[in-house]
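Here is the structure we will look at.
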Amino acid sequence: MVEHLRFLPAGNGALLVELDDLETTLTLLDALQVDRPQGVLELVPAARTLLVRFDTLVTDRFALVDAICIIDLSVRSSRHGEMFDIPVVYDGEDLNDVAELLGWSVDELISRHIGATYTVAFTGFAPGFAYMTCDDPAFNVPRRNNPRVRIPASSVALGGKFGGIYPADSPGGWQLLGRTPLKMWDANRSPAALLAPGDRVRFRDMAKGAAVPGSVPSSSRTETVASRVSAEGLLVTRADRPALFQDLGRPGQAGQGVSESGALDRGSLVEANLCVGNARSAAVIEIAYGGFAIKADRPVTLALTGAPTPMTIRTTGGQSFSAPGGEPFALDAGDELTLEFPPQGTRSYLAIRGGFAVEKVLDSAATDTLAKVGPLPIVTGDVLVPADEPVCAVDPYRPRPKALPKAGDIIDLDIVLGPRTDWFTPIGLSTLLMQEWQVTAESSRVGVRLAGDHPLERSVSAELPSEGTLLGAIQVPHNGQPVLFLADHPLTGGYPVIGVVAAHHLDLTSQIPMGAKIRFNAIAAFDPLIRETDR
27 MVEHLRFLPA
37 GNGALLVELD
47 DLETTLTLLD
57 ALQVDRPQGV
67 LELVPAARTL
77 LVRFDTLVTD
87 RFALVDAICI
97 IDLSVRSSRH
107 GEMFDIPVVY
117 DGEDLNDVAE
127 LLGWSVDELI
137 SRHIGATYTV
147 AFTGFAPGFA
157 YMTCDDPAFN
167 VPRRNNPRVR
177 IPASSVALGG
187 KFGGIYPADS
197 PGGWQLLGRT
207 PLKMWDANRS
217 PAALLAPGDR
227 VRFRDMAKGA
237 AVPGSVPSSS
247 RTETVASRVS
257 AEGLLVTRAD
267 RPALFQDLGR
277 PGQAGQGVSE
287 SGALDRGSLV
297 EANLCVGNAR
307 SAAVIEIAYG
317 GFAIKADRPV
327 TLALTGAPTP
337 MTIRTTGGQS
347 FSAPGGEPFA
357 LDAGDELTLE
367 FPPQGTRSYL
377 AIRGGFAVEK
387 VLDSAATDTL
397 AKVGPLPIVT
407 GDVLVPADEP
417 VCAVDPYRPR
427 PKALPKAGDI
437 IDLDIVLGPR
447 TDWFTPIGLS
457 TLLMQEWQVT
467 AESSRVGVRL
477 AGDHPLERSV
487 SAELPSEGTL
497 LGAIQVPHNG
507 QPVLFLADHP
517 LTGGYPVIGV
527 VAAHHLDLTS
537 QIPMGAKIRF
547 NAIAAFDPLI
557 RETDR
């Protein structure tokens with residue numbers, strides 16, 4: 027039996043393995059989970075691909091290709107999970123459109139949907155989102171040309187050959203059939219995800235039976251507003267935009283459908299902690315575009331790095347003076363610290379000596395804004411509690427902060443071409459590299475939407491089955507205007523990625539403000555490797 031394997035570059039520290047079908051993909055996944063090659067950090071399975079993230083200090087792409095090619099893929103994996111009954115209210119916005127696409131009436135669509143059995147192939151996109159295959163091959167509908175900005179939590183949907191249920195509010199391009207009252211993801215439940223690979227699902231029309239008790243899925247939050255307001259610590263007196271607790275993220279959780287998240291500018295987070303003697307990975311506050319103020323109830327030592335936000339300290343005696351950036355400074359009880367709009371960059375990082383007391387989810391205090399995992403956003407009236415964790419001596423001679431981009435600047439970003447560069451014409455690739463791309467206001471921790479005079483021209487117009495995505499991936503939807511993924515990107519996506527920002531420019535990417543322009547520079551040619559194994 028001949029197996030075809032295609033190895034596609036995906037940034038500095040990953041490769042995308044393309045296989046013949048879903049069954050072969052799951053076989054490779056199971057084999058690598060049983061005997062994981064040295065240096066492999068994470069595996070993200072999808073419809074016909076397996077994204078392999080690796081430590082570049084331990085291994086490389088060519089060593090992993092050799093290791094994968096000796097695996098016997100003819101011995102198929104066998105998965106048997108639980109059977110779940112999922113009640114559905116069939117009132118989705120796309121119900122009529124899907125029925126028309128399939129040539130059925132709405133009643134026939136609902137009847138066949140509840141008559142089919144779905145099997146969870148893998149998880150991804152968001153925590154608790156299960157990609158399910160169907161035993162009725164007729165269920166194969168294209169995703170929407172224009173993805174929705176918000177799909178409500180608990181929506182039952184179809185995308186390509188897969189079915190799925192959105193566990194939380196999120197963007198998405200799948201066709202909506204209805205909604206269920208059941209929670210797909212609950213961090214207070216073990217396991218947090220309701221569905222796991224191998225589980226089977228039958229849908230039931232709630233209009234034709236008793237409603238199953240349930241509630242609208244809630245976000246996985248670990249704190250309440252009341253607990254923050256009643257605590258003792260630093261009072262947030264101003265938050266023009268919600269600030270976020272962040273650390274270095276939660277790597278290695280892809281198996282639960284959870285992306286890494288964490289600080290967008292990791293170097294600045296580490297530097298803030300070093301300035302006050304904390305552990306490098308301690309949680310800090312990520313503040314976008316300034317507009318933030320706190321009032322101390324005790325003497326504290328702080329440091330601010332990243333975007334050089336002007337800071338003013340106002341004492342209880344009414345005196346005001348500037349606080350330095352990139353080095354430790356003190357507040358006395360009653361002092362108020364105010365951060366204004368930064369003249370360059372976008373995100374600042376505020377650390378306190380001894381760290382902040384914040385409950386962790388999956389071993390991290392990072393707030394994932396897309397998945398809604400982690401602490402609640404920080405708003406006016408919250409109280410930030412010092413943790414008083416062990417600290418070390420502070421080095422007063424920290425390196426001088428680097429200049430960051432400002433509106434109107436043109437920033438060059440190095441990229442590694444792939445994994446789907448060959449889905450674009452030579453003109454499309456030239457457009458990516460020669461054209462300047464405007465950073466639009468439609469940008470967030472999930473990604474930066476770019477706008478260019480000329481959209482990227484594709485050579486392949488077919489639907490791309492969902493596959494793993496990466497921090498720094500340049501994904502191109504049907505309109506040809508790229509989206510540059512940041513830390514809260516979905517774990518999987520269904521649009522081709524033409525390139526990935528090089529590792530050494532990821533922190534810089536997060537500090538590019540609206541109104542600036544990006545110019546991409548390819549540092550390596552697109553060089554897929556093709557192998558065949560005959561078993």
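If you count by our numbering, then the sequence shown holds residues 27 to 561, one letter each, in order. Each residue gets a CB set at the ideal place from its N, CA and C atoms; glycine is no exception.
In angstroms, rounded to a whole number, what distance separates the CA positions of Thr-51 and Phe-188?
Approximately 15 Å, taken between the alpha carbons.
Counting pairs of Cβ atoms below 8 Å between the stretch 390-404 and the stretch 258-272, do you hit three or more?
yes
Can the beta-carbon of Glu-483 be found closer than 8 Å to that of Gly-454?
For the 8 Å CB-CB criterion, Glu-483 and Gly-454 form a contact.
Could I get the ranges of all uninterrupted beta strand (DSSP E) runs contained in the stretch 309-392, with 3 residues as the minimum, in chain order?
Within the stretch 309-392, the complete beta strand (DSSP E) runs of at least 3 residues are 310-314, 318-321, 326-332, 337-340, 346-348, 355-357, 362-365, 373-378.
Might you give, ordered along the chain, the residues of its own chain that have their beta carbon closer than 6 Å to the beta carbon of Pro-562, omitting 5 neighbours on each side?
Outside the shown range of the chain, which is 27 to 561, sits residue 562, and nothing can be said about it.
Whole angstroms is fine: what's the gap from Leu-221's alpha carbon to Glu-353's?
47 Å
DSSP on Arg-292, reduced to helix/strand/coil?
If DSSP states are grouped into helix, strand and coil, Arg-292 belongs with the helices.
For Tyr-144, which residues does DSSP report across the bridge?
Looking at the DSSP output, Tyr-144 bridges to Cys-160, Val-227.
Between the alpha carbons of Gly-473 and Ile-313, how many angstroms are there, rounded?
17 Å
Measure the CB-CB distance between Ala-298 and Val-310 and report whether it falls below 8 Å.
yes
Per the contact definition of three or more C-beta pairs closer than 8 Å, is the stretch 75-85 in contact with the stretch 172-191?
no
Straight-line CA distance for His-504 to Asp-61?
39 Å
Start and end residues, beta strand (DSSP E) containing Glu-468:
463-469
Extent of the continuous alpha helix (DSSP H) run through Phe-110
DSSP places Phe-110 outside any alpha helix (DSSP H); the residue lies instead in the beta strand (DSSP E), whose first and last residues are 109-114.
CB-CB length for Pro-412 against Ile-378, believed under 8 Å:
6 Å
Could you tell me the distance, in whole angstroms, from the CA atom of Pro-491 to the CA atom of Pro-431?
36 Å
Output yes or no for whether 8 Å exceeds the beta carbon distance between Asp-291 and Tyr-423.
no
In the DSSP assignment, what are the bridge partners of Thr-207?
In the sequence on display, residue 207 carries Pro and not Thr. Its beta-bridge partners do not exist; DSSP assigns none.
So what's Asn-166 in DSSP terms, helix, strand or just coil?
coil
In or out: Cys-160 buried (at least 16 other Cβ within 10 Å) or exposed?
buried
May I have the straight-line CA-CA distance separating Tyr-521 from Pro-63, to the nearest angstrom?
Rounded to the nearest angstrom, the gap between the Cα atoms of Tyr-521 and Pro-63 is 29 Å.
C-alpha gap between Pro-452 and Leu-363, whole angstroms:
Approximately 53 Å between the Cα atoms of the pair.
Span separating the alpha-carbon of Asp-361 from that of Ala-329
15 Å
With distances taken Cα to Cα, identify the nearest neighbour of Gly-185 among Gly-278, Asn-166, Phe-552.
For Gly-185, the nearest C-alpha among the options comes from Asn-166.
Start-to-end residues for the beta strand (DSSP E) that takes in Ile-20:
Residue coverage of the chain in this structure runs from 27 to 561, which leaves residue 20 outside it and unanswerable.
Ala-40 and Val-493 - do their beta-carbons sit closer together than 8 Å?
The displayed chain sequence assigns Glu, not Val, to residue 493. No, the pair does not count as a contact, with Cβ atoms beyond the cut-off.
Is Pro-554 near Arg-32, with beta carbons less than 8 Å apart?
yes
N-terminal and C-terminal residue of the alpha helix (DSSP H) that Ser-456 is part of
452-460
Write down every uninterrupted run of the alpha helix (DSSP H) in the stretch 396-449 whose length is 4 residues or greater and which is fully enclosed by it, in chain order.
none
From the DSSP output, which residues share a beta bridge with Asp-394?
Val-399
Using the Cβ count rule (16 or more neighbours within 10 Å means buried), how would you classify Lys-209?
buried
Per the contact definition of three or more C-beta pairs closer than 8 Å, is the stretch 508-519 in contact with the stretch 385-404?
yes
Closest by C-alpha distance to Arg-205, when choosing among Leu-121, His-480, Gly-283:
Out of Leu-121, His-480, Gly-283, Leu-121 has the C-alpha closest to the C-alpha of Arg-205.
For Thr-248, does the three-state DSSP call read helix, strand or coil?
Note that Thr-248 has pLDDT 49, beneath the 50 cutoff, so the model's placement of it is unreliable and the number below is only indicative. In the structure shown, Thr-248 sits in coil (DSSP, three-state: anything other than H, G, I, E or B).
C-beta atoms of Leu-476 and Val-465 nearer than 8 Å:
Cβ distance < 8 Å, so Leu-476 and Val-465 count as in contact.
Are there 16 or more other CB atoms within 10 angstroms of the CB of Glu-29, so buried, or fewer, so exposed?
buried
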